[in-house]
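Working notes, structure below.
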Amino acid sequence: MGDGDERGTSERPSPPSNAVGRHLLGPHVVGQRVVVRHLLPDGRANDVLGVCTSWGARTVVIRSDRGPVEIPVADVVTGKPVPPRPSVRHRVSAHDVELHVASLWPTLRSEPLGTWVLRSAPPLGGRLRRRANSALAMDDPGLPLAEAADRVRSYYVALGQDPLIQVAADGALEAALAPLGFSPLNSGDAHCQLAPVSKAQRAAGPAAGEGRLTEDGRRCRVEYGDSTVVARGEAALDGDWLGLHAILVDESHRRQGLGTRVVADLLDWGASLGATTAWLHVETGNDAGLAAYERLGFVTHHTNRYLVG
1 MGDGDERGTS ERPSPPSNAV GRHLLGPHVV GQRVVVRHLL PDGRANDVLG
51 VCTSWGARTV VIRSDRGPVE IPVADVVTGK PVPPRPSVRH RVSAHDVELH
101 VASLWPTLRS EPLGTWVLRS APPLGGRLRR RANSALAMDD PGLPLAEAAD
151 RVRSYYVALG QDPLIQVAAD GALEAALAPL GFSPLNSGDA HCQLAPVSKA
201 QRAAGPAAGE GRLTEDGRRC RVEYGDSTVV ARGEAALDGD WLGLHAILVD
251 ESHRRQGLGT RVVADLLDWG ASLGATTAWL HVETGNDAGL AAYERLGFVT
301 HHTNRYLVG
């Protein structure tokens, strides 16, 4: 047994004195995606790419695509944090993400127009919702654009509504619809943001369970407050996508963490049913909301704009 240990030591070349330890890695990179160059027993260098799951006094563990790799800290030559791998969800088209909106409202009616969707719903909370009463216009309507624009007009005029089209902001379709009489609304631009449910849960903290949660199949509502509701939010599950919406905190109760508690409860509910991706819309001028969701790990996938014709 002693011979084996001695043979391993004697066969391993000694690295130069400045080859090990000159790097910017350490316990502070736990949880980050890193690339680590380390020495193999035969003296060759090897690179490992993955998430650092632990960094101890003697060993660092990297979770690579091939599984966990344990590396003696003394053998680390160099390395650095690298950007996170792009989320598969962020490669999904804006059209496919926006189709999940249908899960928010059980009363939503829809009619296909090629890949466009004509949507309508009765007033919700006493008012018509633009998302539920506009044509989702992304990709190909299956007929000339002028004819598609006329179809949108006739559909909403028959309902007694202004014709609204939801498009990706500043895209080619917005420009092409302008000569056909569709121009941007003065308000309503909104970022569609995504986050992994697990990441958002970690950032939001554990669900307090203090709110009143009401379930209705694949939808739920959370409310905080005794005689008066001071914070609330809703969520809907569509496959493994969790849509968050109508998250509101009474002005007199803001900056107390209630909004985060509402989101934590909704995320917990969705995760229990298998949700892996959370999405929401937040208006571009809502700086406080954007900052709050950024802290929870949400990033903008695309930006929506409403055109009226």
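Heads up: the sequence shown begins at 1 in full-length UniProt numbering, then just goes up one per residue.
Glycine residues also receive a C-beta, built at the ideal position from the N, C-alpha and C atoms.
Please read all numbers here as calculations on a predicted model, not as lab measurements.
- The C-beta distance from Leu24 to Leu177 rounds to 50 Å, too long to meet the 8 Å contact threshold.
- Per the DSSP secondary-structure output, Ile62 pairs in a beta bridge with Cys52, Val69.
- Following the DSSP letters along the chain, one finds Ser110 inside the beta strand (DSSP E) bounded by residues 109-113.
- Excluding sequence positions up to five before and after Ala169, its CB lies within less than 7 Å of the CB of Asp189, Thr303, Asn304, Arg305, all in the same chain and listed in chain order.
- Pairing Gly67 with His28, the inter-Cα distance amounts to about 21 Å.
- Taking the Cα positions, Ala208 is about 14 Å away from Gly225.
- Under DSSP, no beta-bridge partner is assigned to Lys199.
- Around the CB of Leu143, fewer than 16 other CB atoms lie within 10 Å, so the residue is classed as exposed.
- Using a Cβ distance threshold of 8 Å, His100 and Trp269 do not count as a contacting pair.
- Taking all protein chains in view, the Cβ of Asn46 is surrounded by fewer than 16 other Cβ atoms within 10 Å, so the residue is classified as exposed.
- Listed in chain order, the beta strand (DSSP E) runs fully inside the stretch 152-208 are 164-168, 190-196, counting runs of at least 3 residues.
- Gly289: not part of any beta strand (DSSP E); member of the alpha helix (DSSP H) spanning 287-295, first to last residue.
- Residue burial annotation: Arg255 is exposed, with fewer than 16 other C-beta atoms found within 10 angstroms of its C-beta.
- For Trp116, no alpha helix (DSSP H) segment is defined; the enclosing uninterrupted segment is the beta strand (DSSP E) at 116-120.
- Beta-bridge partners of Trp241 (DSSP): Asp238, Thr277.
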